[in-house]
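Numbering (our numbering), first residue to last: 161 to 256.
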Amino acid sequence: MKRTSFDETQLLVTIPKEEDGENNQNQRQQLKKIMRQIICNDLSERQKQICYLYYYKRQTIPQIASLLDVNKSSVSRTLARGLHNVNERIKYYKLR
């Protein structure tokens with residue numbers, strides 16, 4: 161399974177490509193800033209931990225489950241809920 165970076169995966173928001181000009185580069189930077197705020201302020205500690213291990217440390221779900229001594233399904237659910245929370249909050253920012 162191919163991994164993508166956290167700020168591009170399973171998000172309902174389209175992140176502009178870097179080569180699309182300066183305006184889109186500003187939009188990308190703004191979106192990344194919003195996502196950092198959401199992750200820091202709105203995810204549970206466990207969601208942050210699992211997202212960090214999965215997207216930044218590139219660990220697999222079974223590896224994370226073993227490390228945290230939980231079931232693989234718990235890791236998968238927590239990861240999915242974290243991404244859902246990010247998506248929902250990004251929608252809020254997009255409406256402003």
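Don't be surprised by glycine CBs; every beta carbon is placed ideally from N, CA and C.
> Which residue comes first and which comes last in the alpha helix (DSSP H) that contains L213?
Replying inline: No alpha helix (DSSP H) contains L213, which DSSP labels as neither H nor E.
> When burial is assigned at 16 or more other CB atoms within 10 Å of the CB, is Y216 buried or exposed?
Replying inline: exposed
> Between the segment 217 to 233 and the segment 181 to 190, do at least 3 Cβ pairs fall closer than 8 Å?
Replying inline: no
>> Looking only at its chain, what residues have a beta carbon closer than 7 Å to the beta carbon of S236, apart from the 5 residues adjacent to it on each side?
In response: I221
> For D229, which of helix, strand or coil comes out of DSSP?
Replying inline: coil
> Comparing the CB of N245 with every heavy atom of the ligand SAH, is any distance shorter than 7 Å?
Replying inline: For the ligand SAH, the structure offers nothing, since it holds no ligand at all.
>> If the criterion is Cβ atoms closer than 8 Å, does the pair I194 and K208 meet it?
In response: no
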